[in-house]
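Quick notes on the structure that follows.
2 protein chains.
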Amino acid sequence: MVQIPNTPASALPAQRSVPTSADVARLAGVSRATVSYVLNNTSAVRISEPTRRRVHAAAKELGYVPHAAARSLRAGHSRMVLMPSPTIPVGPLYSQFINELQWALSRLDYTVVQHGTLGLHGDEAARAWAELRPVAVLVPGSSPGPQGVAVLKRSGARAVVTLGPEAVEGAHALLMDHATVGQVAAAHLYAGGRRRIGVVVPEEPGLEIYSRPRLDGARRALHGTDAVLTELPLAHEEEAAARLAARWHTLGLDAVFAYNDEYAMLLMRALQDEGVRIPEDTAVIGADDLMLGRLLRPRLSTVHIELPSGRELAELVDRAVRNPGAEPERHEVLGAAVVHRDSS
Amino acid sequence: MVQIPNTPASALPAQRSVPTSADVARLAGVSRATVSYVLNNTSAVRISEPTRRRVHAAAKELGYVPHAAARSLRAGHSRMVLMPSPTIPVGPLYSQFINELQWALSRLDYTVVQHGTLGLHGDEAARAWAELRPVAVLVPGSSPGPQGVAVLKRSGARAVVTLGPEAVEGAHALLMDHATVGQVAAAHLYAGGRRRIGVVVPEEPGLEIYSRPRLDGARRALHGTDAVLTELPLAHEEEAAARLAARWHTLGLDAVFAYNDEYAMLLMRALQDEGVRIPEDTAVIGADDLMLGRLLRPRLSTVHIELPSGRELAELVDRAVRNPGAEPERHEVLGAAVVHRDSS
DNA sequence: TTGAAAGCGGTACCAG
DNA sequence: CTGGTACCGCTTTCAA
Numbered sequence: 034m035v036q037i038p039n040t041p042a043s044a045l046p047a048q049r050s051v052p053t054s055a056d057v058a059r060l061a062g063v064s065r066a067t068v069s070y071v072l073n074n075t076s077a078v079r080i081s082e083p084t085r086r087r088v089h090a091a092a093k094e095l096g097y098v099p100h101a102a103a104r105s106l107r108a109g110h111s112r113m114v115l116m117p118s119p120t121i122p123v124g125p126l127y128s129q130f131i132n133e134l135q136w137a138l139s140r141l142d143y144t145v146v147q148h149g150t151l152g153l154h155g156d157e158a159a160r161a162w163a164e165l166r167p168v169a170v171l172v173p174g175s176s177p178g179p180q181g182v183a184v185l186k187r188s189g190a191r192a193v194v195t196l197g198p199e200a201v202e203g204a205h206a207l208l209m210d211h212a213t214v215g216q217v218a219a220a221h222l223y224a225g226g227r228r229r230i231g232v233v234v235p236e237e238p239g240l241e242i243y244s245r246p247r248l249d250g251a252r253r254a255l256h257g258t259d260a261v262l263t264e265l266p267l268a269h270e271e272e273a274a275a276r277l278a279a280r281w282h283t284l285g286l287d288a289v290f291a292y293n294d295e296y297a298m299l300l301m302r303a304l305q306d307e308g309v310r311i312p313e314d315t316a317v318i319g320a321d322d323l324m325l326g327r328l329l330r331p332r333l334s335t336v337h338i339e340l341p342s343g344r345e346l347a348e349l350v351d352r353a354v355r356n357p358g359a360e361p362e363r364h365e366v367l368g369a370a371v372v373h374r375d376s377s
Numbered sequence: 034m035v036q037i038p039n040t041p042a043s044a045l046p047a048q049r050s051v052p053t054s055a056d057v058a059r060l061a062g063v064s065r066a067t068v069s070y071v072l073n074n075t076s077a078v079r080i081s082e083p084t085r086r087r088v089h090a091a092a093k094e095l096g097y098v099p100h101a102a103a104r105s106l107r108a109g110h111s112r113m114v115l116m117p118s119p120t121i122p123v124g125p126l127y128s129q130f131i132n133e134l135q136w137a138l139s140r141l142d143y144t145v146v147q148h149g150t151l152g153l154h155g156d157e158a159a160r161a162w163a164e165l166r167p168v169a170v171l172v173p174g175s176s177p178g179p180q181g182v183a184v185l186k187r188s189g190a191r192a193v194v195t196l197g198p199e200a201v202e203g204a205h206a207l208l209m210d211h212a213t214v215g216q217v218a219a220a221h222l223y224a225g226g227r228r229r230i231g232v233v234v235p236e237e238p239g240l241e242i243y244s245r246p247r248l249d250g251a252r253r254a255l256h257g258t259d260a261v262l263t264e265l266p267l268a269h270e271e272e273a274a275a276r277l278a279a280r281w282h283t284l285g286l287d288a289v290f291a292y293n294d295e296y297a298m299l300l301m302r303a304l305q306d307e308g309v310r311i312p313e314d315t316a317v318i319g320a321d322d323l324m325l326g327r328l329l330r331p332r333l334s335t336v337h338i339e340l341p342s343g344r345e346l347a348e349l350v351d352r353a354v355r356n357p358g359a360e361p362e363r364h365e366v367l368g369a370a371v372v373h374r375d376s377s
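Protein chains in written order, with my numbering: chain A, 34 to 377; chain B, 34 to 377.
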C-alpha cells in the first residue's frame with residue numbers, strides 16, 4: 034500500500050526482527066517523532082488527520098508494539114507496582130485481596146507485577162526488585178530490613194509498603210497483627226469456662242509468620258489467669274493428627290485453638306475418631322472463617338478476619354506515589370472477631 | 034574517601050536522583066566501561082585487582098543497582114518469563130505448581146514475573162504483555178488467539194506456551210484436558226451400578242474453563258449407555274446446596290459427580306442433613322484429591338489429578354527459548370485417576 | 001505541522 | 001589493562 038523507497042531486498046521476507054517506531058515511521062513516510070505523537074495522542078501537538086491515518090495503518094500493518102523498557106528509560110520512571118509473589122500456598126482470603134488490589138491499581142493506571150523471588154533473601158531480594166525500578170513496592174509477609182527499604186527508595190521507588198506484623202523504618206506499613214486472632218480465640222475459650230487450652234502450631238515451614246503471633250496472642254490473653262496453655266505442633270497430615278489425638282487424654286485439655294479452620298478440621302476429625310466429644314470434652318475453635326467450617330458437625334467456631342479492601346491499599350499507594358516526601362503511614366488493618374458456632 | 038573533582042555543590046546533599054554507573058565511575062575515578070566490566074565479571078577482559086576494589090567500593094557506597102530496562106534494551110533481549118496472574122481464586126494444586134515452576138526457572142536463570150492483567154481481554158492482553166518484551170510467555174487457562182500469539186512472537190518472545198484445553202497455532206501446548214476428569218468419574222460411578230448420575234456445575238463465573246470440560250467428559254463416558262446424566266448448577270453457598278438437597282428426591286439420582294472436592298463437601302453435607310444416605314442412596318465423587326476429602330465421613334471418593342512437574346515445564350521453556358525455530362510441542366499432561374474411598 | 005537531534009543507563013567494540 | 005564511543009527504542013524540546 035505504502036511505497037518504501039530504498040529498501041534492501043532483505044526487508045521483504047518477514048524479518049525476525051522486532052518492528053520499532055522507526056520502522057513505522059519509514060512505512061508511513063514520516064519521522065519517528067510524528068509516530069510518537071500520533072500513537073500517544075500527544076495533546077501538545079496537532080497532527081493532520083491524513084498523517085494520523087497513515088501512522089496508525091503502518092503500525093497495525095507491522096504489528097508494532099511499543100517497547101516498555103525504552104519508554105520508561107526515557108521517561109525516567111514507570112508505573113509498575115511490584116510485589117513479590119507469595120512463596121507459601123496462600124488461602125482464598127489472601128488471593129481475593131490480591132485480586133481486588135490488582136483491580137484497584139489498574140483502575141489507577143498502574144501495572145501490577147508479581148516477582149518470583151525464590152531463594153533470594155532479605156536485601157538480595159530487595160536489590161533484585163530494585164533493578165526493575167518499580168514506582169512502588171508492596172511486600173507482604175516477612176518484610177525487608179531497613180537496608181532493603183533504603184535500597185528500593187534510592188532506586189527510585191516512591192513508595193514501599195509492608196503488609197505484615199511490624200513496621201519498617203522508611204516504609205509505609207499496613208500492620209496485620211495476627212496476635213489479635215489468637216487473643217480473641219483464647220479469650221473466647223476462657224470465657225466459655227475452659228482452663229486447659231491447647232494451641233495448634235503448624236509444622237509446615239513458612240507458616241511461622243502467622244502461627245507464631247497467633248500463639249503469642251493466645252498466650253497473652255491467658256497470661257495472669259488460672260488457665261494453662263499447651264503448645265501443640267502438628268503437621269497437616271492425617272497420621273500426625275491421629276497421633277496427637279491418641280495421646281489426647283494424657284494431655285488433659287478441655288479446649289483447643291487450632292491455628293486455622295483447616296487444621297481445626299484435621300484435628301477435629303481425629304478427635305472424633307478417637308471418641309472425644311466436641312464441644313463437651315474439648316472445645317475447638319479455628320480461624321479464617323472458611324466455608325468448610327460451616328459444613329462440619331458440630332459447626333466450627335472460628336475467628337473471622339477482616340482484611341483491608343484492595344481499594345484502600347491502592348489508594349494508599351497512589352497517595353504515597355504522588356507525595357513521596359510524606360511521613361510513612363501506619364495503619365492497623367487486621368480485624369478479628371469470633372464467630373461462635375457449635376464446636377465451642 | 035575518593036576525591037570527586039569538579040563536582041557542583043548541589044551534589045553534596047543526598048540527591049533524590051538514582052545513582053547510575055556513571056556515578057560509580059566518577060567516584061571510582063574510572064570509565065563507565067570499566068565499571069561495567071567489573072560489575073559483570075566480564076571474562077573477555079582483565080581488570081587489575083586495585084581497580085576492581087575501587088569500583089566495588091564505589092558501587093557499595095552509592096548503593097548502586099543496575100537498571101534492568103537499560104540493560105535489556107542494550108542487550109536486545111531479557112530473561113523474563115511472563116505469565117498472567119490468575120484471575121480466579123486458585124487451589125493448592127495450582128499454587129504449588131506455580132511455585133515449583135518459578136523455582137525451576139530461576140535455577141535456569143530466568144526471572145519469573147506474573148502480570149496482573151485484569152479487564153484486558155484476548156489480544157489486548159497479549160499486547161500489554163508484549164510491551165515488556167519477555168523472552169517467553171506462559172498462559173494458563175483461557176488462551177490467547179493465534180493473533181495474540183503472533184503479536185507476542187513478533188515482539189521477540191521466543192516461546193509461547195499455553196496451559197489449557199486446546200492448542201493454539203504457533204504456540205507450544207501443555208494440554209490439560211479436564212474432560213478426562215469427568216470421564217473417569219462418571220465411568221467409576223457407572224461401574225458401581227449407578228445409572229441416574231448428576232453432575233454439579235459451579236455457578237461461579239470463571240470456572241467454566243474447568244467445569245465445562247469436566248461435564249462434557251462425564252457426558253461422553255455415559256454416552257450410548259443406559260445411564261442418564263443430569264446437570265446440576267450450584268453456587269458455592271450453604272443455602273444453594275440446601276435448596277438442591279431439598280428437591281433431591283424429585284431428581285431421583287443415585288449418584289453425583291460434584292465438580293471438585295469442595296463442591297462435593299458442600300453438597301454432601303446438605304444431603305446428609307436432608308437424610309440422604311451416602312453412598313447407599315446416592316454415591317458422591319469429587320475431584321482434585323484435596324486433604325479435606327479424607328476427613329469427611331464417609332471418606333470422599335475423588336479423582337486424583339496429576340499435573341506436570343514445574344521442572345518439566347521449565348525445561349520445555351528453556352528448550353524452546355534456545356531453539357525458537359523448532360516445531361511447537363504438544364503434550365497431553367493431565368493425568369486423572371479415581372481414588373475410591375467410601376462415598377461411592 | 002513536521003523533522004532533527006539529544007539523551008535516558010548500560011554494554012561491547014576498537015584504540016591506545 | 002583501560003577509555004572513548006556508538007547504539008539499543010523511545011520521548012521531547014527546539015527549529016524549520
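By construction, the Cβ of each residue, glycine as well, lies at the ideal position given by its N, Cα and C atoms. Predicted, not measured: the structure shown is a model, and the values here were computed from it.
Contact under 8 Å by Cβ, residue i with residue j
i      : j      : result
S99/B  : E157/A : Checking the displayed sequence, the identity of residue 99/B turns out to be Pro instead of Ser. No, these two residues do not count as a Cβ contact at 8 Å.
G62/A  : R87/A  : yes
V336/A : A288/A : no
V194/A : V354/A : no
V201/A : S176/A : yes
T315/B : L333/B : no
L323/B : F130/B : no
E307/B : A279/B : yes
A224/A : A251/A : no
Neighbour-count burial assignment, residue i, 16 or more Cβ in a 10 Å radius
i      : result
S50/B  : exposed
N293/A : buried
S81/B  : exposed
Q135/A : buried
E365/A : exposed
H205/B : buried
K93/B  : exposed
H221/A : buried
R302/B : buried
V261/B : exposed
For residue i, the three-state DSSP class (helix, strand or coil)
i      : result
N132/B : helix
I242/B : helix
A260/A : coil
G368/B : strand
V234/A : strand
V214/A : helix
R160/B : helix
G226/A : coil
S54/B  : helix
S334/A : strand
G197/B : strand
L304/B : helix
Interface flag, residue i vs chain A, CB-CB below 8 Å
i      : result
L328/B : yes
A101/B : yes
S188/B : yes
N293/B : no
S76/B  : no
R166/B : yes
S139/B : yes
Q216/B : no
V57/B  : no
V68/B  : no
N132/B : yes
L349/B : no
Cβ of residue i within 8 Å of any chain B Cβ
i      : result
N356/A : no
V317/A : no
Worksheet item: How do the region 233 to 252 of chain B and the region 264 to 283 of chain B stand: do at least 3 beta-carbon pairs fall below 8 Å, yes or no?
Response: yes
Worksheet entry | Contact between the region 206 to 222 of chain B and the region 243 to 253 of chain B (3+ Cβ pairs under 8 Å) | Three or more Cβ pairs drawn from the region 206 to 222 of chain B and the region 243 to 253 of chain B lie within less than 8 Å of each other, which places the two stretches in contact.
Worksheet item: Between the region 139 to 151 of chain B and the region 356 to 368 of chain B, do at least 3 Cβ pairs fall closer than 8 Å?
Response: no
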